[in-house]
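Undergrad: Have a look at the structure that comes next, please.
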Amino acid sequence: MSSPARIDWPVYKLFDQIGRYLVCYMLIHNYYAWVRGTGPAPTLTALQKVSGVSERQTAGFVAALKSGRLILTEPSPNDRRVKHLRPAPPMIAEIGRSARLFIAASDALAGRGGARAALLADNHDLLGDVIRRSAAYVLAHGTLIHPFPRVLHFAERDSGYLLLTAVFAARFDGLASSPAAGSLSYRQLARRFQVSAAHIGSLMNEAQREGWFHTDGRGRLAGVAPDFVEEFAQWASWQMVHCTGLIEAALAATGSALVEAGGPGVPADAG
C-alpha cells in the first residue's frame with residue numbers, strides 16, 4: 003500500500019486524504035449502482051448528496067478529476083443535457099488498491115493463492131462492484147475506520163495513511179528473516195508520496211510527541227507503541243474480513259468459479 007502509485011498524474015494529491023478519497027469512493031458506488039439498476043443516475047447532484055463534503059468542495063474536486071481524465075463525463079441516454087460521471091479505470095484501480103491488497107493478504111494467510119487479487123487487478127468493473135458493495139455497507143452502517151482513532155487521525159492528513167502503512171510495513175518487516183521495507187527517511191518518504199519533506203517531518207514529529215512511534219534519525223523505525231500495533235492489526239483484520247466478504251459476494255453474483263464457500267465476511271450488499 004505504501005508503494006508509489008502506478009499512474010503518473012499526481013494521484014496522491016487527490017486520493018491521499020480521507021475526505022477526497024470518500025468522494026471518489028462514492029462516485030464509483032453511484033456509477034456501478036446505476037449500472038446495476040439499483041441507484042439513481044450518477045450525476046454531480048447525486049454525488050453531492052453522499053460525498054460527505056460540501057457541494058462546492060465536491061464540484062471543485064470533480065473538476066480536478068476531470069482535468070486529470072480520472073472521471074469521464076457521458077450524456078444520459080435519456081437526456082443528453084444531463085451528464086453522467088463515470089470513473090476511469092485508473093481511478094478505480096487506485097481507490098480499490100487498499101481493498102485488493104487486503105484481499106491478497108487475507109488469501110495469502112489462508113493459503114488460497116493470489117487468484118482473486120489478480121482478477122481484481124485485471125478487471126476494473128469487478129473491482130468497481132467491490133467498491134460499490136463496500137460503500138453500500140458504509141452508507142447503511144457507517145465506516146469501519148472510525149473505531150480506530152489513530153488510524154483515522156493519519157487518514158485525515160495528506161499522505162498520512164500512506165505514511166502509516168510504510169511505518170507498519172517496517173514494523174512487521176522487521177520481524178521477517180529477510181527485511182525488505184524501504185527507508186523511513188523524510189526525504190525518501192516525501193519523494194515516494196509526492197509531498198514535502200517538511201510535511202513528512204511534521205507527521206513524524208507529532209507521532210513521536212504522542213508516543214505512537216519514532217525513528218532512529220537514520221531512516222529506520224526505532225519503536226511503535228504496543229497498543230498502536232494492536233490497533234493497526236485490528237484495523238487490518240477488520241478490513242480483510244470486510245473485503246473478503248465483498249469479493250465473495252461479487253464473484254457469487256457473476257457466477258465465477260473462483261467463489262469459495264464458507265469464507266469469512268461481514269454483512270455485504272448482496273444485490
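If you read the sequence shown in our numbering, its first letter stands for residue 3, the second for the next number, and so on. The beta-carbon is built from N, C-alpha and C at its ideal position, and this holds for glycine as well. Since the model is a prediction, treat every value here as computed from it, not as a measurement.
Using the beta-carbon count (16 or more within 10 Å), is D81 buried or exposed?
TA: Within the sequence shown, the letter at position 79 stands for residue 81. Counting Cβ neighbours within 10 Å, D81 comes out exposed, since fewer than 16 surround it.
Undergrad: Taking only runs of the beta strand (DSSP E) that begin and end inside the segment 122 to 175, which ones reach a length of at least 3 residues, in chain order?
TA: Runs found: none.
Undergrad: Please state whether DSSP places R222 in a helix, a strand or coil.
TA: Stepping through the sequence shown from its first residue, residue 222 is reached at position 220. In this structure, R222 counts as coil in the three-state DSSP scheme.
Undergrad: Report the CB separation of A119 from I133 in whole angstroms; it is logged as a contact under 8 Å.
TA: For this step, residue 119 is matched to residue 117 along the sequence shown. For this step, residue 133 is matched to residue 131 along the sequence shown. Not really, about 15 Å apart at Cβ, beyond 8 Å.
Undergrad: Whose C-beta lies closer than 8 Å to the C-beta of G358 among residues of the same chain, with five residues either side of it excluded?
TA: As shown, the chain starts at 3 and ends at 273. That puts residue 358 outside it, with no answer to give.
Undergrad: Measuring straight from C-alpha to C-alpha, what distance separates T256 and L128?
TA: As a position in the sequence shown, residue 256 is number 254, starting the count at 1. As a position in the sequence shown, residue 128 is number 126, starting the count at 1. C-alpha separation (whole angstroms): 9 Å.
Undergrad: Assign H148 to one of two classes, buried (16 or more other C-beta atoms within 10 Å of its C-beta) or exposed (fewer than that).
TA: Working through the sequence shown from its first residue, we reach residue 148 at position 146. Burial call: exposed.
Undergrad: Which whole-angstrom value describes the C-beta separation of L72 and A61, a residue pair presumed to lie in contact below a C-beta threshold of 8 Å?
TA: Looking up residue 72 in the sequence shown gives position 70. Looking up residue 61 in the sequence shown gives position 59. Wrong, their Cβ atoms sit about 15 Å apart, outside the cutoff.
Undergrad: What would DSSP say about P89, mapped onto helix, strand or coil?
TA: Walking along the sequence shown from the start, residue 89 turns up at place 87. It is a strand residue.
Undergrad: With a Cβ-Cβ cutoff of 8 Å, do L24 and G54 count as a contact?
TA: Position 22 of the sequence shown holds residue 24. Position 52 of the sequence shown holds residue 54. Yes. Within cutoff.
Undergrad: Could you tell me whether the segment 207 to 226 touches the segment 82 to 93, where touching means 3 or more Cβ pairs closer than 8 Å?
TA: Output reads no: the segment 82 to 93 does not touch the segment 207 to 226.
Undergrad: Quick check: the Cα distance between S274 and F195, rounded to an integer number of angstroms?
TA: Coverage of the chain is limited to positions 3 through 273, which leaves residue 274 absent and any answer about it impossible.
Undergrad: Spatial neighbours of S187 within its chain, please: C-beta separation below 7 Å, excluding the five flanking residues on both sides.
TA: The residue you call residue 187 lines up with position 185 of the sequence shown. Counting only Cβ-Cβ distances below 7 Å, and skipping sequence neighbours, we find G221.
Undergrad: Verify whether the separation of the beta carbon atoms of Q241 and L165 is less than 8 Å.
TA: Here residue 241 corresponds to residue number 239 of the sequence shown, with the count starting at 1. Here residue 165 corresponds to residue number 163 of the sequence shown, with the count starting at 1. Cβ distance not < 8 Å, so Q241 and L165 don't count as in contact.
Undergrad: Between the alpha carbons of V231 and N125, how many angstroms are there, rounded?
TA: Working through the sequence shown from its first residue, we reach residue 231 at position 229. Working through the sequence shown from its first residue, we reach residue 125 at position 123. Their Cα atoms are separated by approximately 33 Å.
Undergrad: If I'm right that H216 touches Q210 with Cβ under 8 Å, what's the distance once you round it to whole angstroms?
TA: Counting from one through the sequence shown, the residue named residue 216 turns up at place 214. Counting from one through the sequence shown, the residue named residue 210 turns up at place 208. Confirmed, Cβ separation roughly 4 Å.
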